[in-house]
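Enquirer: Before I ask anything, here is the structure I am working with.
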Amino acid sequence: MAFTSLGVASLISNYTPRFRPQKNLHAHLWSPSNKSVPVFPAAIEDCIRRSSECNQRRLRGLQFVIDARRRTAGSPMKALLDIQAMMYDSLLGLQQALLVQQRPCAPTTPTSARVLRFRSHRSSVD
18 MAFTSLGVAS LISNYTPRFR PQKNLHAHLW SPSNKSVPVF PAAIEDCIRR SSECNQRRLR
78 GLQFVIDARR RTAGSPMKAL LDIQAMMYDS LLGLQQALLV QQRPCAPTTP TSARVLRFRS
138 HRSSVD
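Spelled out as structure tokens, the structure:
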């Protein structure tokens, strides 16, 4: 899908992030590539810690994968594209799961049957 520059600009201008850093923090402190200031990892850890206990392990695993992709990418742009592809793959997987659930399942057992009548047969031993 191709976006026009006007379309992307309107998407960006209408975007309101759910999490906003405190006003006294500068944007360069929030750069994921900024390793000298521990603000970014602390914010991630705080977010994970505030999540439900059942999601914490999953979020830590996801953060591990994201950090590994960033380390191996070689450049911030490559890291961004790798993580974007990872999110897109995840979204497609969720979409496929929803589509499979919406399809009506074929019945595994027949809904009708032909009933055969058997004559009762008495043995001569009785």
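In our numbering, the protein residues as written are 18 to 143. For glycine and all other residues, C-beta sits at the position ideal for the given N, C-alpha and C.
1. Quick check: what's the CA-CA separation for M94 versus P121?
2. Return the chain-ordered list of same chain residues with a C-beta closer than 7 Å to the C-beta of S68, the five sequence neighbours on each side being excluded.
3. Indicate whether at least one CB of chain B lies closer than 8 Å to the CB of G91.
4. Express the C-alpha separation of R87 and R74 in angstroms, rounding to a whole number.
5. Looking at the unbroken alpha helix (DSSP H) that takes in F81, where does it start and where does it end?
Expert: The answer reads as follows:
1. As a position in the sequence shown, residue 94 is number 77, starting the count at 1. As a position in the sequence shown, residue 121 is number 104, starting the count at 1. Those two C-alpha atoms are separated by around 43 Å.
2. As a first step, residue 68 must be located in the sequence shown, where it is residue number 51. The residues are L76.
3. Looking for chain B here will not work: only one protein chain is present.
4. Position 57 of the sequence shown, counted from the first residue, corresponds to residue 74. Position 70 of the sequence shown, counted from the first residue, corresponds to residue 87. C-alpha separation (whole angstroms): 20 Å.
5. The residue labelled residue 81 in the question sits at position 64 within the sequence shown. Element bounds for F81: 70–90.
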